[in-house]
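Position 249 of the sequence shown, counted from 1, bears residue number 249 in the numbering used here, the numbering being contiguous throughout.
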Amino acid sequence: MSAFTDRMRAIRSAPRGKQVAALFDYDGTLIEGFSAAAIMRARLRSMEFGLGELAEFLLIGLRGVVSEQDYAEVLAATRPTFAGKTYAELIAFGEYLFKHETAAKLRPQMWQILRAHREMGHTIVIASSATRFQIEPIAKEIGADYALATDVEVVDGVVTGNIKGRPLWGPGKAAAVRQLAREHDIDLDSSFAYSDGNEDIPYLEAVGNPAAVSPRRILRAEAEARGWPIIDLKNPTYNKLGMLARTGAFYGSFLASAAVGVAAGIVRRDPQALVEALPTGNDVGLSLAGVHVQVLEGGEYLFSDRPCVFLFNHQSKLDLPVMIHLIRGEATGVAKKEVARVPVLGEILKQAGLVFIDRADRSKAIEQLAPAVDALRDGMSLVIAPEGTRSPTPRVGEFKKGPFHIAMQAGVPIVPVVLRNTGELMWRGAQLIRPGTVEVMVLPPIDTSTWTVEEIGKRAEEVRQMYVSTLADWPLESFVDDSVKSLRRSPEETAR
Numbered sequence: 001m002s003a004f005t006d007r008m009r010a011i012r013s014a015p016r017g018k019q020v021a022a023l024f025d026y027d028g029t030l031i032e033g034f035s036a037a038a039i040m041r042a043r044l045r046s047m048e049f050g051l052g053e054l055a056e057f058l059l060i061g062l063r064g065v066v067s068e069q070d071y072a073e074v075l076a077a078t079r080p081t082f083a084g085k086t087y088a089e090l091i092a093f094g095e096y097l098f099k100h101e102t103a104a105k106l107r108p109q110m111w112q113i114l115r116a117h118r119e120m121g122h123t124i125v126i127a128s129s130a131t132r133f134q135i136e137p138i139a140k141e142i143g144a145d146y147a148l149a150t151d152v153e154v155v156d157g158v159v160t161g162n163i164k165g166r167p168l169w170g171p172g173k174a175a176a177v178r179q180l181a182r183e184h185d186i187d188l189d190s191s192f193a194y195s196d197g198n199e200d201i202p203y204l205e206a207v208g209n210p211a212a213v214s215p216r217r218i219l220r221a222e223a224e225a226r227g228w229p230i231i232d233l234k235n236p237t238y239n240k241l242g243m244l245a246r247t248g249a250f251y252g253s254f255l256a257s258a259a260v261g262v263a264a265g266i267v268r269r270d271p272q273a274l275v276e277a278l279p280t281g282n283d284v285g286l287s288l289a290g291v292h293v294q295v296l297e298g299g300e301y302l303f304s305d306r307p308c309v310f311l312f313n314h315q316s317k318l319d320l321p322v323m324i325h326l327i328r329g330e331a332t333g334v335a336k337k338e339v340a341r342v343p344v345l346g347e348i349l350k351q352a353g354l355v356f357i358d359r360a361d362r363s364k365a366i367e368q369l370a371p372a373v374d375a376l377r378d379g380m381s382l383v384i385a386p387e388g389t390r391s392p393t394p395r396v397g398e399f400k401k402g403p404f405h406i407a408m409q410a411g412v413p414i415v416p417v418v419l420r421n422t423g424e425l426m427w428r429g430a431q432l433i434r435p436g437t438v439e440v441m442v443l444p445p446i447d448t449s450t451w452t453v454e455e456i457g458k459r460a461e462e463v464r465q466m467y468v469s470t471l472a473d474w475p476l477e478s479f480v481d482d483s484v485k486s487l488r489r490s491p492e493e494t495a496r
């Protein structure tokens with residue numbers, strides 16, 4: 001049994017409710033590495049980073065940070081990053097870096113721990129020595145109840161660069177946690193905390209259930225001495241050339257099958273020939289890319305109640321190939337109109353009969369959905385992502401009402417398809433596919449025959465909660481040494 005599975009069982013057997021807190025350090029704990037690195041890279045790209053500032057950081061790096069005074073010097077060195085900018089500008093800057101860089105470093109197992117605490121109704125807290133501009137994006141994304149961070153002074157909306165209050169480093173973080181507990185009636189003896197850093201020993205010992213996550217040397221020794229759980233995690237890394245070759249092989253196979261389908265359609269004068277040809281080339285492509293799709297539960301629901309509206313949680317460009325693999329044929333989809341303009345792919349999807357909608361034109365929403373309703377009434381199933389836009393993390397976003405209106409109008413059931421790991425294998429914005437396993441659970445069909453227009457919003461949220469609960473309760477064995485399994489599995493093994 002692993003430390004991760006032990007931890008998940010401890011969470012699930014803990015008291016429910018907000019009196020129990022789950023406190024997460026950010027850098028090195030929720031993410032692999034440090035969010036400040038993204039800030040430094042951005043400053044270097046913009047030529048804002050002076051030689052004097054760079055020399056100061058190198059000196060601090062060589063000397064190390066072992067006290068609150070040392071950390072205060074680090075903050076003083078970062079003053080040029082913040083001083084003179086508006087608070088709004090810095091928040092927007094932090095959100096951009098999180099979305100395009102830092103989110104890709106999230107540890108999948110820690111995300112599952114977060115989900116488990118959320119499902120138990122615990123108070124979710126980000127507690128970090130980093131600045132609020134680094135912490136706010138992740139706090140917002142996970143719906144944290146509180147974000148404890150090092151604050152900087154703001155005068156008339158402009159950041160001075162001076163530190164406000166005590167930095168949340170070492171004892172300062174522990175003090176902030178205890179103050180939060182006093183103010184909000186949190187039972188620290190029943191609470192959980194996570195960190196990787198040596199300086200966070202006082203913070204970890206403030207709670208009854210501490211855990212060291214891939215800890216540094218001093219914290220590891222302390223955790224071993226005190227009997228604290230040690231959860232060793234590492235995001236898998238891959239050979240870029242190998243990824244490039246596998247991704248190219250996937251697209252080559254996909255496009256070849258599309259070409260065969262188009263040619264067959266011309267000969268047969270049947271546009272459905274393309275839909276029939278795509279699954280085979282798609283399957284071969286996934287195999288060549290080292291991607292295995294495993295249905296854990298509910299595989300029978302993929303075919304039991306057609307025509308229907310298949311919903312899936314949207315994380316990645318890989319979602320579409322996975323859904324083609326699962327649904328096979330006799331189905332079409334809905335996509336934003338911008339996809340129709342993507343070279344080659346857009347034309348293939350047009351030929352496959354996808355319905356393209358303009359999400360910006362809400363006034364014509366019902367009119368735009370009419371072709372999708374007609375397709376369902378003609379016996380075709382519909383595949384659609386109710387979130388609309390991909391999230392930069394595995395969070396399940398808010399569901400749009402459109403798919404639920406479609407199902408109700410056509411008088412067909414909804415079949416929820418829950419995907420896990422597509423985002424980790426091909427992160428938002430990524431162009432290359434990583435080898436690995438996408439796990440799937442298909443939930444029982446949902447009857448829409450008695451629904452009314454007035455309750456669509458309520459029904460959409462009910463279905464969204466099914467996704468949230470399913471992902472939170474995912475079988476623990478899926479996450480045991482997940483990164484190690486991915487590293488050890490060869491492409492041939494993964495494809496089987």
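Just so you know, even glycine gets a beta-carbon here, dropped at the ideal spot from N, CA and C. Everything numeric in this text was worked out from a predicted model, so none of it was measured.
For the pair of segments examined, the stretch 426-436 was found not to touch the stretch 325-333: the number of CB pairs separated by less than 8 Å stays below three. Measuring C-alpha to C-alpha distances from S128 to each of S195, H100, Q109 and K85 identifies S195 as the nearest.
Y301 sits in a helix when the DSSP states are folded into three classes. CA-CA distance, T450 to A331, rounds to 24 Å. Distance between T160 and N421, taken at the CA atoms: about 42 Å. Sequence-distant partners of G94 (beyond 5 residues in either direction) whose C-beta falls short of 7 Å from its own C-beta, in its chain, are F133, Q134, E136 and P137. For the 7 Å CB-CB criterion, P202 and A174 form a contact. Rounded to the nearest angstrom, the gap between the Cα atoms of F24 and R41 is 25 Å. Under the DSSP assignment, I357 falls in the beta strand (DSSP E) whose first and last residues are V355 to I357.
For the set M243, F356 and P386, the Cα lying nearest the Cα of A372 is the one of F356. A Cβ-Cβ distance of about 18 Å is found for the pair K401 and G333, leaving them out of contact under the 8 Å criterion. E32 and Y251 have their alpha carbons spaced roughly 30 Å apart. Beyond the five residues adjoining it in sequence on each side, R166 comes within less than 6 Å, by CB distance, of G172 in the same chain, given in chain order. Take L288, set aside five residues on each side of it, and the residues of its chain with a beta-carbon closer than 7 Å to its own are R246, A249, F250 and S253, in chain order. Our two residues, T393 and D374, have alpha carbons roughly 34 Å apart in a direct line. The straight-line gap separating the alpha-carbon atoms of S469 and M441 is approximately 12 Å.
Residues of the same chain with a CB within less than 6 Å of the CB of G28, apart from the 5 flanking positions on each side, are D196 in chain order. The continuous alpha helix (DSSP H) containing V177 extends over residues P171 to H184. With a beta-carbon spacing of about 7 Å, W228 and L204 fall inside the 8 Å limit used to define contacts. Under the three-state reduction of DSSP output, K337 falls in the helix class. When rounded, the separation of the alpha-carbon atoms in S391 and Q179 is 33 Å. Around the beta carbon of E183, fewer than 16 other beta carbons sit within 10 angstroms, so the residue counts as exposed. The DSSP-derived three-state label of N209 is strand.
For A181, same chain residues with a beta-carbon under 6 Å away, outside a window of 5 residues either side, are L188 in chain order. Three or more Cβ pairs drawn from the stretch 397-412 and the stretch 304-318 lie within less than 8 Å of each other, which places the two stretches in contact.
Assignment of L318 by DSSP, reduced to helix, strand and coil, places it in the coil class. Contact between V213 and I231 holds: their C-beta atoms lie close to 5 Å from each other, under 8 Å.
The beta carbon of M466 lies closer than 7 Å to those of P416 and L443 in the same chain, with the five residues before and after it left out.
Relative to the Cα of L320, the nearest Cα in the group L345, R118, G242 and V158 belongs to L345. A straight line joining the alpha-carbon of Q294 with that of V418 spans about 12 Å.
Excluding residues up to 5 positions away in sequence, P413 lie with their Cβ nearer than 8 Å to the Cβ of D447 in the same chain.
Going by DSSP, D6 is part of the alpha helix (DSSP H) stretching over A3 to R12. Taking P403 as the centre and dropping the five residues before and after it, the same chain places the C-beta of V309, L311, I384 and P386 closer than 7 Å to its C-beta, in chain order.
M441: member of the beta strand (DSSP E) spanning G436 to V442, first to last residue. For L148, the enclosing beta strand (DSSP E) covers residues Y146 to V155.
In its chain, beyond the 5 residues on either side, S257, V260 and G261 have a beta carbon closer than 6 Å to the beta carbon of A277.
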